[in-house]
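Novice: Take a look at the following structure, please.
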Amino acid sequence: MRARQSPLNAPDRELDRFRFRVAFAGVAVLVAFALLVARFFHLQIVQHAYYTTRAEDNRISLVPIVPNRGVIVDSKGVVLARNYSAFTLEITPSKVDDLDATIDGLSRVIEVLPKDRKRFRRLLEESKTFESLPIRSRLTEEEVARFAANRYLFPGVEVKARLFRQYPLGPIASHAIGYISRINKRDMEIIEESDQAANYKGTDHIGKTGIEQKYEFQLHGETGYEQVEIDAGGRAIRNLSRTAPVQGNNLTLTLDTKLQEMAEKAFGERRGALVAIEPSTGGILALVSTPTFDPNLFIDGIRTDDWDLLNNSPDKPLLNRALNGAYPPGSTFKPFMALAALETGKRTPGQAISDPGFFNFGGHQFRDDKKGGHGSVDMYKSIVHSCDTYYYMLANDMGIDSIARFMRQLGFGQRTGVDIEGESEGVLPSPEWKKRRFKRPEQQKWFAGETISIGIGQGYNAYTPIQLAQATAVVANNGIMFRPHLVKYITDSRTGEKTMIEPEPLRILPWKRQHVEVIKKAMIGVNTQGTGARAFAGAAYLSAGKTGTAQVFSLKGADYKSSRVKKELRDHALFIAFAPADQPKIALAVLVENGGFGAQSAAPIARMVFDYYLLGKLPKGAAAEDDVEDD
Numbered sequence: 000m001r002a003r004q005s006p007l008n009a010p011d012r013e014l015d016r017f018r019f020r021v022a023f024a025g026v027a028v029l030v031a032f033a034l035l036v037a038r039f040f041h042l043q044i045v046q047h048a049y050y051t052t053r054a055e056d057n058r059i060s061l062v063p064i065v066p067n068r069g070v071i072v073d074s075k076g077v078v079l080a081r082n083y084s085a086f087t088l089e090i091t092p093s094k095v096d097d098l099d100a101t102i103d104g105l106s107r108v109i110e111v112l113p114k115d116r117k118r119f120r121r122l123l124e125e126s127k128t129f130e131s132l133p134i135r136s137r138l139t140e141e142e143v144a145r146f147a148a149n150r151y152l153f154p155g156v157e158v159k160a161r162l163f164r165q166y167p168l169g170p171i172a173s174h175a176i177g178y179i180s181r182i183n184k185r186d187m188e189i190i191e192e193s194d195q196a197a198n199y200k201g202t203d204h205i206g207k208t209g210i211e212q213k214y215e216f217q218l219h220g221e222t223g224y225e226q227v228e229i230d231a232g233g234r235a236i237r238n239l240s241r242t243a244p245v246q247g248n249n250l251t252l253t254l255d256t257k258l259q260e261m262a263e264k265a266f267g268e269r270r271g272a273l274v275a276i277e278p279s280t281g282g283i284l285a286l287v288s289t290p291t292f293d294p295n296l297f298i299d300g301i302r303t304d305d306w307d308l309l310n311n312s313p314d315k316p317l318l319n320r321a322l323n324g325a326y327p328p329g330s331t332f333k334p335f336m337a338l339a340a341l342e343t344g345k346r347t348p349g350q351a352i353s354d355p356g357f358f359n360f361g362g363h364q365f366r367d368d369k370k371g372g373h374g375s376v377d378m379y380k381s382i383v384h385s386c387d388t389y390y391y392m393l394a395n396d397m398g399i400d401s402i403a404r405f406m407r408q409l410g411f412g413q414r415t416g417v418d419i420e421g422e423s424e425g426v427l428p429s430p431e432w433k434k435r436r437f438k439r440p441e442q443q444k445w446f447a448g449e450t451i452s453i454g455i456g457q458g459y460n461a462y463t464p465i466q467l468a469q470a471t472a473v474v475a476n477n478g479i480m481f482r483p484h485l486v487k488y489i490t491d492s493r494t495g496e497k498t499m500i501e502p503e504p505l506r507i508l509p510w511k512r513q514h515v516e517v518i519k520k521a522m523i524g525v526n527t528q529g530t531g532a533r534a535f536a537g538a539a540y541l542s543a544g545k546t547g548t549a550q551v552f553s554l555k556g557a558d559y560k561s562s563r564v565k566k567e568l569r570d571h572a573l574f575i576a577f578a579p580a581d582q583p584k585i586a587l588a589v590l591v592e593n594g595g596f597g598a599q600s601a602a603p604i605a606r607m608v609f610d611y612y613l614l615g616k617l618p619k620g621a622a623a624e625d626d627v628e629d630d
């Protein structure tokens, strides 16, 4: 039998339990306080600097200050691209509940045209919603005042002072200068790849083509910053500090704007290109591609109607024909072929052929443009009177490998390195090129008959006008080749120091001087007694040149008469030249698309350019076409 517990012991047990609970609770409180103290120590001591910085970031905002873009001028100081300040009405979509209602409300205060709405919607698709986007640009003072009075009605809308680019001469030299437009996703990738993202904070525009694109980082400058104190609502209270932006560097070009303008006018309504180079430096004096366009249209975002007009025009005004158009050189190729013959020993100047008016090879007859032929033809006569048969025979004797090797030295079939993006390589035919060009084995084989037409600048030959101009300048400069360039020097916006783009020879070709003189003498003959004589009759200077005609479609043995052929199927007209012949100051290549014969359309344009550059003669209008059908 178990002994009964005495009730007198119960209070003692309850007291023990109470004391245990109190002790446990005390320990728990002490541990909790210890944890709080430890956390407090960690936050206040260990991470003091981190949270102080976070608090400052919440209080201080960095506002980028976009720098002035550098100015572009021509060789004589004529301004080609500059900046001006104007007010813009901008919307931050992330801060607006109803965009359509907001724009409708704004249109009752400030005129907002349908084209403004279209442009805003397009920019909205391309941009992030937190970016500020323009709905109206170039506000008048009255419009700014009207908006200011109604500002409280439009949260997320504000007036900003912005810098705008302007091209004072409009379409003149637009393919060379290029234009700027709003930054898109691809542009941002390029900026980030170039480690320039921080420097482009707040920048909305970037160079898209031409010099504006190539020298973007020189022209842009360095972005400045303002430290602004803000309140809890994100409103600016006061400026704390300011780091001023640095204006972009200024560019001085080799272009002569008056020469450029005159050359563009010389084309009239005709499509084509002209590149004029200073042989002794490689400086580009004029770079023409017609028709042209007004770069001012692109700055704020081009209107849909304007874009459709430019982009869908059959005349392709946005195409830079001088750098991107590749054309058969026609007979302008013959002086280079003749020089190759002299240098490789395949011909001597006095060595003559008998020209019956055709050349038979492999069962095919390659015809000369002169029925009955030119009779006895030496090298001088072959260039002056543009004898095809002479060059059919020469091409066959030299072979395609020898031709390609020599022409590669002159820069054919490769980019010249001019300081504009997007230059085409053209096509310098060779067996290796054909293997790369075609996929099927039967297409890749080079046939000897294909070499024949290469000799007169036809066949697979396709070169850009700037390549032709460079090659002409090399002959004019006795084998010394310079890289064609548009920028003459860069002026530092801080110091004013000028960094010259020093002309350095790309290569010095080891031609025999007497061989070059033979070619020059024959090219002088072209302009005094040959195919270019009518265009240069009565000139007060001696020039050297070569006419050319590039076939657009095959005649299949029929006689060519431009009057019987549709305009878009007519041959392209070409002309290369330099002057003065004894001490060349200018070398050029002219192309007139579907212009017929080079002597007819291209040579008169070259005459006008030379007359202005050498004599200061200003023409009254476009170059007239000569009634000539002989190249």
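All residue numbers for the sequence shown refer to numbering that gives the first Met the number 0, where the first residue is 0 and numbers rise by one.
A virtual CB, placed ideally from N, CA and C, is assigned to each residue, including glycine.
1. DSSP three-state label for alanine 243, please.
2. Which of helix, strand or coil does DSSP assign to alanine 549?
3. Bridge partners for isoleucine 71 per DSSP, in chain order?
4. Who are threonine 289's beta bridge partners in DSSP?
5. Look up glycine 595 in the DSSP assignment and say whether it is helix, strand or coil.
6. Quick check on valine 383 - is its C-beta less than 8 Å from some C-beta in chain C?
7. Using 8 Å as the threshold, is the C-beta distance between proline 313 and proline 290 below it?
8. Starting from tyrosine 391, trace the alpha helix (DSSP H) in both directions and tell me its first and last residue.
9. Determine the direct distance from the alpha carbon of valine 95 to that of glycine 155, and round the result to whole angstroms.
10. Taking the CB atoms as reference points, tell me whether glutamate 574 and alanine 605 lie closer together than 8 Å.
11. In chain order, what residues of the same chain have a beta carbon less than 7 Å from the beta carbon of arginine 121, not counting five sequence neighbours either side?
12. Within its chain, find whatever has a CB closer than 6 Å to the CB of proline 583; leave out the 5 residues flanking it on each side and keep chain order.
13. Could you tell me the alpha carbon to alpha carbon distance between arginine 320 and leucine 273, rounded to whole angstroms?
14. Tell me histidine 204's beta-bridge partners as DSSP assigns them.
15. In angstroms, rounded to a whole number, what distance separates the CA positions of alanine 339 and methionine 406?
16. Measure the C-alpha to C-alpha separation of glutamate 592 and isoleucine 171 and round it to an integer number of angstroms.
17. With distances taken Cα to Cα, identify the nearest neighbour of isoleucine 189 among Ile176, Lys213, Pro167.
18. Just the C-alpha distance for alanine 147 and serine 84, rounded to the nearest angstrom, thanks.
19. So is alanine 196 buried or exposed if we call it buried at 16+ other beta carbons inside 10 Å?
20. Is it true that the CB of arginine 241 sits closer than 8 Å to the CB of leucine 162?
21. Tell me whether serine 353 sits in a helix, a strand or coil according to DSSP, three-state version.
22. If I'm right that isoleucine 64 touches glutamate 228 with Cβ under 8 Å, what's the distance once you round it to whole angstroms?
23. Mind the definition here: the stretch 392 to 412 touches the stretch 326 to 339 only if three or more C-beta pairs lie below 8 Å; say whether that holds.
24. Considering only their Cβ atoms, is the gap separating isoleucine 382 from proline 334 smaller than 8 Å?
25. Using the Cα positions of glycine 206 and lysine 184, report the straight-line distance between them to the nearest angstrom.
26. Only counting runs of 3 or more residues, tell me where the beta strand (DSSP E) segments fall wholly within the stretch 488 to 558, in order along the chain.
27. At which residues does the alpha helix (DSSP H) containing phenylalanine 216 begin and terminate?
28. For methionine 397, I'd like the list of residues in its chain whose CB is within less than 6 Å of its CB, leaving aside the five on either flank, ordered along the chain.
29. I'd like to know whether the C-beta atoms of asparagine 460 and phenylalanine 332 end up nearer to each other than 8 Å.
Specialist: Well, looking at it:
1. Residue numbering aside, residue 243 sits at position 244 when the sequence shown is read from its first letter. Note: alanine 243 maps to coil in three-state DSSP.
2. Counting from 1 along the sequence shown, the entry for residue 549 is found at position 550. Correct three-state label for alanine 549: strand.
3. Working through the sequence shown from its first residue, we reach residue 71 at position 72. Answer by DSSP bridge pairing, in chain order: Ala80, Leu250.
4. Along the sequence shown, one-based indexing puts residue 289 at 290. Per DSSP, Gly271.
5. Locating residue 595 in the sequence shown gives position 596, counting from the first residue. Coil.
6. Going by chain labels, chain C is absent from the structure shown, which holds only one protein chain.
7. One-based indexing of the sequence shown puts residue 313 at position 314. One-based indexing of the sequence shown puts residue 290 at position 291. Their beta carbons are not under 8 Å apart, which means proline 313 does not touch proline 290 by this criterion.
8. Within the sequence shown, residue 391 is the residue found at index 392, counting from 1. Run containing tyrosine 391: 387 to 397, per the alpha helix (DSSP H) assignment.
9. By one-based count along the sequence shown, residue 155 stands at place 156. By one-based count along the sequence shown, residue 95 stands at place 96. If you take the alpha carbons of glycine 155 and valine 95, they lie about 6 Å apart.
10. Mapped onto the sequence shown, residue 574 falls at position 575. Mapped onto the sequence shown, residue 605 falls at position 606. At residue 574 the sequence reads phenylalanine, which differs from the glutamate that was named. Contact: yes.
11. Looking up residue 121 in the sequence shown gives position 122. Within the same chain, arginine 121 has close Cβ partners Gly300.
12. As a first step, residue 583 is located in the sequence shown; it is residue number 584 there, counting from the start. Taken in chain order, the residues that qualify are Pro278, Ala475, Phe577.
13. Within the sequence shown, the letter at position 321 stands for residue 320. Within the sequence shown, the letter at position 274 stands for residue 273. Computed Cα separation, rounded: 9 Å.
14. Numbered from 1 along the sequence shown, position 205 holds the residue referred to as residue 204. BP columns for histidine 204 point to Arg181.
15. Residue 339 sits at position 340 when you count from the first residue of the sequence shown. Residue 406 sits at position 407 when you count from the first residue of the sequence shown. Straight-line Cα distance between these residues: approximately 8 Å.
16. Along the sequence shown, one-based indexing puts residue 592 at 593. Along the sequence shown, one-based indexing puts residue 171 at 172. About 20 Å.
17. Here the question's residue 189 lines up with position 190 in the sequence shown. The shortest C-alpha separation from isoleucine 189 is found at Lys213.
18. As a first step, residue 147 is located in the sequence shown; it is residue number 148 there, counting from the start. As a first step, residue 84 is located in the sequence shown; it is residue number 85 there, counting from the start. In a straight line, the C-alpha of alanine 147 is about 19 Å away from that of serine 84.
19. Taking the first residue of the sequence shown as position 1, residue 196 is located at position 197. Alanine 196 comes out exposed.
20. For the purposes of this step, residue 162 is identified with residue 163 of the sequence shown, where counting begins at 1. For the purposes of this step, residue 241 is identified with residue 242 of the sequence shown, where counting begins at 1. No, Cβ-Cβ distance for leucine 162 and arginine 241 is not below 8 Å.
21. Mapped onto the sequence shown, residue 353 falls at position 354. If DSSP states are grouped into helix, strand and coil, serine 353 belongs with the strands.
22. Here residue 64 refers to the residue found at position 65 of the sequence shown. Here residue 228 refers to the residue found at position 229 of the sequence shown. The Cβ separation is near 17 Å, so there is no contact.
23. yes
24. One-based indexing of the sequence shown puts residue 334 at position 335. One-based indexing of the sequence shown puts residue 382 at position 383. The answer is yes: Cβ separation under 8 Å.
25. As a working note, residue 206 is residue 207 in the sequence shown. As a working note, residue 184 is residue 185 in the sequence shown. Their Cα atoms are separated by approximately 14 Å.
26. 497 to 499, 504 to 507, 543 to 549
27. Working through the sequence shown from its first residue, we reach residue 216 at position 217. Unbroken alpha helix (DSSP H) run through phenylalanine 216: 215 to 219.
28. Translated into positions along the sequence shown, residue 397 becomes position 398. Cβ within range, chain order: Lys345.
29. Counting from 1 along the sequence shown, the entry for residue 460 is found at position 461. Counting from 1 along the sequence shown, the entry for residue 332 is found at position 333. Yes.
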